[in-house]
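For reference, the structure discussed in these notes is given below.
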Amino acid sequence: GSKMSSIPILPAEDITRSLYETRDLYETDVHAIIRCRCDDGDDPLFRLSYMPIRNRGEIIRLILEEAQVPYEVEVIGFLPWKNNGLKALTPHGKLPVLRNYDDKGNDLGQEGAITRFLASKCGLAGKTEEERAEVDALYSIWFATFRNNGLSHDGEHFSVAALKQGDDNGDVKTIQDVIRYQEMFRVNSFSRFERSLTVLRFFEERLEDQSTGFLVGDSPTYVDLGLFYILFELAEEDNVPDFASRFKLPKLGAFLQNMQERPHLLDYLKNARRMPRYQRDSSGKSLYTFVAGKYSPEY
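Going by the numbering used here, 224 is the number at position 229 of the sequence shown; the sequence numbering is gapless.
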């Protein structure tokens, strides 16, 4: 509609620069569109609306980048989201949203639904019905663990902060010191550090069993992209850059290396169209202040 078409299209660098000037997510007032992969005058196939952060939008954007399709990101700062009535116009009052996903003017809400829909459209959901089911199962585990059931990227089931801190007693050092994810009961007294190691062990063993370098089949699916950005953040200089050697996770280390060297993913990682990281305190709690990271200098 006309309300949508009045949003300005801005260069990614301008938006990223303004984010670093504002510094605090809750003060961001940007409302603009970034065109991604539209260099040759290609029309964007999709428009994703999300706040100027990675989080719930990152696996979705990685799908679009891996598939190398032209798309747009409608970047909605917190102030316009809060004050301009944009929240009430979304299907569920939440972001991310995929705009006009059906070409009939309807929007699709919910990160998981958008993830599966786009992965399916872009050929990244598995090659057979059986592969698709397997990818869905692993994505469900990924979401329950690394994503702490969607509550936070740092929580009870997986915590970069806890991995950084290590074991209080010094008894638990690597994945060989924890039980397997399959053996862990839902109600347990393990520390966040131990639970985090258990999750990493699960995905390490999965890659070992597969021997293709990917979680399902012989090419990337959306769950690989989810695993990739979690490990990329874990490996940031201010987190645990040596996680693979420290915790004895050679397969995950190699996986991260291979994924970030895929030319079109590397192009995204190094480009201003990727949103910046934000800081967390030593407990893992989000501070929502933008901070530089690998391939993401301050603008």
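For glycine and all other residues, C-beta sits at the position ideal for the given N, C-alpha and C.
task: Evaluate P215 with the Cβ neighbour count: other Cβ atoms within 10 Å of its Cβ, from every protein chain shown; 16 or more gives buried, anything less gives exposed.
output: To locate residue 215, count along the sequence shown from 1; it is residue 220. Buried, since its Cβ has 16 or more Cβ neighbours within 10 Å.
task: Would you decide whether D219 is buried or exposed? Buried here means 16 or more other CB atoms lie within 10 Å of its CB.
output: Against the sequence shown, residue 219 aligns to sequence position 224. Around the CB of D219, 16 or more other CB atoms lie within 10 Å, so the residue is classed as buried.
query: Roughly how many angstroms lie between the CA atoms of F194 and Y176, to the nearest whole one?
result: Within the sequence shown, numbered from 1, the residue matching residue 194 stands at position 199. Within the sequence shown, numbered from 1, the residue matching residue 176 stands at position 181. For the record, residue 194 in the displayed sequence is Val; it is not Phe. Counting only the Cα atoms, Y176 lies some 6 Å from V194.
message: Under 8 Å: do the stretch 202 to 211 and the stretch 109 to 119 share three or more Cβ pairs, one atom per stretch?
response: Between the stretch 202 to 211 and the stretch 109 to 119 there are fewer than three C-beta pairs closer than 8 Å, too few to call the two in contact.
- request: Would you list, in sequence order, the uninterrupted beta strand (DSSP E) runs of no fewer than 3 residues that lie entirely inside the stretch 80 to 120?
  value: At a cut-off of 3 residues, the continuous stretches assigned as beta strand (DSSP E) that sit fully inside the stretch 80 to 120 are 92 to 94.
- prompt: In chain order, which alpha helix (DSSP H) runs of at least 4 residues are fully inside the stretch 132 to 188?
  reply: The stretch 132 to 188 contains these whole alpha helix (DSSP H) runs: 155 to 160.
Candidates S154, D276, F112: closest to L229 by CA position: Within the sequence shown, numbered from 1, the residue matching residue 229 stands at position 234. Considering only alpha carbons, the answer is S154.
message: Once the 5 residues before and after L43 are set aside, which same chain residues still bring their CB inside 8 Å of it?
response: For the purposes of this step, residue 43 is identified with residue 48 of the sequence shown, where counting begins at 1. Result list for L43: G52, I55, R56, L59, Y66, E67, V68, E69, P91, V92, L93, R94, I109, in chain order.
Reference L103, options T85, K246, E124, closest by Cα: Within the sequence shown, residue 103 is the residue found at index 108, counting from 1. The shortest Cα separation from L103 among T85, K246, E124 belongs to T85.
message: When you compare the CB positions of A239 and S191, do they come within less than 8 Å of one another, or not?
response: Along the sequence shown, one-based indexing puts residue 239 at 244. Along the sequence shown, one-based indexing puts residue 191 at 196. Not a contact, by the Cβ cut-off of 8 Å.
- prompt: Would the beta-carbon of E293 fall within 8 Å of that of Y15?
  reply: Here residue 293 refers to the residue found at position 298 of the sequence shown. Here residue 15 refers to the residue found at position 20 of the sequence shown. Yes, the pair counts as a contact, with Cβ atoms nearer than the cut-off.
- request: Out of D213, E256, R127, point me to the one whose CA is closest to F227's CA.
  value: Reading the sequence shown from its first residue, position 232 is the one you call residue 227. Out of D213, E256, R127, the CA that lies nearest to the CA of F227 is found in E256.
message: Less than 8 Å between CB atoms is the rule here; does D19 satisfy it with respect to chain B?
response: Among the chains in the structure shown there is no chain B, since it carries only a single protein chain.
- prompt: So, helix, strand or coil for S240, using DSSP?
  reply: In the sequence shown, the residue the question calls residue 240 occupies position 245. Helix at S240.
query: In terms of alpha-carbon separation, which member of E231, S186, R196 lies closest to G165?
result: Locating residue 165 in the sequence shown gives position 170, counting from the first residue. Ranking E231, S186, R196 by Cα distance to G165 puts S186 first.
task: Please state whether DSSP places A27 in a helix, a strand or coil.
output: Position 32 of the sequence shown, counted from the start, is the residue given in the question as residue 27. Three-state result, A27: strand.
query: Just to confirm, are R196 and I225 a CB contact at a threshold of 8 Å?
result: Taking the sequence shown and counting its residues from 1, one reaches residue 196 at position 201. Taking the sequence shown and counting its residues from 1, one reaches residue 225 at position 230. For the 8 Å CB-CB criterion, R196 and I225 do not form a contact.
- prompt: Grouping DSSP H, G and I as helix and E and B as strand, with all else coil, what is D19?
  reply: What you label residue 19 is simply residue 24 of the sequence shown in a count that begins at 1. D19 falls in the strand class under three-state DSSP.
- request: Determine the direct distance from the alpha carbon of Y290 to that of L264, and round the result to whole angstroms.
  value: Working through the sequence shown from its first residue, we reach residue 264 at position 269. Working through the sequence shown from its first residue, we reach residue 290 at position 295. Per the coordinates, the alpha-carbon of L264 lies some 6 Å from the alpha-carbon of Y290.
query: What do you reckon, are the CB atoms on E189 and V167 nearer than 8 Å?
result: For the purposes of this step, residue 189 is taken as residue 194 along the sequence shown, with counting starting at 1. For the purposes of this step, residue 167 is taken as residue 172 along the sequence shown, with counting starting at 1. Yes, Cβ-Cβ distance for E189 and V167 is below 8 Å.
query: If you scan the stretch 211 to 284 from start to end, which runs of the alpha helix (DSSP H) of 4 or more residues do you find wholly inside it?
result: Runs of the alpha helix (DSSP H) inside the stretch 211 to 284: 217 to 229, 238 to 241, 245 to 255, 258 to 264.
- prompt: How big is the Cα-Cα spacing for L81 and P236?
  reply: The count along the sequence shown starts at 1 and reaches residue 81 at position 86. The count along the sequence shown starts at 1 and reaches residue 236 at position 241. Taking the CA atoms as reference points, L81 sits about 39 Å from P236.
query: Which residues in the same chain as M179 place their Cβ atom closer than 8 Å to its Cβ, once the five residues preceding and following it in sequence are excluded?
result: As a working note, residue 179 is residue 184 in the sequence shown. Closer than 8 Å at the Cβ level, and outside the excluded window around M179, lie F185, R190, T193.
query: Around the C-beta of R49, are 16 or more other C-beta atoms found within 10 angstroms, so that it is buried, or is it exposed?
result: Counting from one through the sequence shown, the residue named residue 49 turns up at place 54. Flag for R49 reads buried.
- request: Report the residue from I10, D19, Q252 whose alpha carbon sits nearest the alpha carbon of V25.
  value: Residue 25 sits at position 30 when you count from the first residue of the sequence shown. Closest option to V25, Cα to Cα, is I10.
task: Measure the CB-CB distance between I29 and A62 and report whether it falls below 8 Å.
output: On the sequence shown, residue 29 is found 34 positions in, with the first residue counted as 1. On the sequence shown, residue 62 is found 67 positions in, with the first residue counted as 1. Contact flag unset, no.
query: Could you give the distance in angstroms between the alpha-carbon of Q160 and the alpha-carbon of H148?
result: Numbered from its first residue, the sequence shown carries residue 160 at position 165. Numbered from its first residue, the sequence shown carries residue 148 at position 153. Cα to Cα, the separation comes out at about 16 Å.
Contact set for Q274: own chain, Cβ-Cβ below 6 Å, skip 5 residues either direction: Numbered from its first residue, the sequence shown carries residue 274 at position 279. Answer for Q274: L282, T284, V286, listed in chain order.
- prompt: Would DSSP call G288 helix, strand or coil?
  reply: For the purposes of this step, residue 288 is taken as the residue at position 293 of the sequence shown. Strand, per DSSP.
field: Per-residue DSSP class, three states only, for R42
entry: Locating residue 42 in the sequence shown gives position 47, counting from the first residue. Strand.
- prompt: If you follow the beta strand (DSSP E) that E67 is part of, which residue opens it and which one closes it?
  reply: For the purposes of this step, residue 67 is identified with residue 72 of the sequence shown, where counting begins at 1. Membership of E67 in the beta strand (DSSP E) is indicated by the continuous run 66 to 71.
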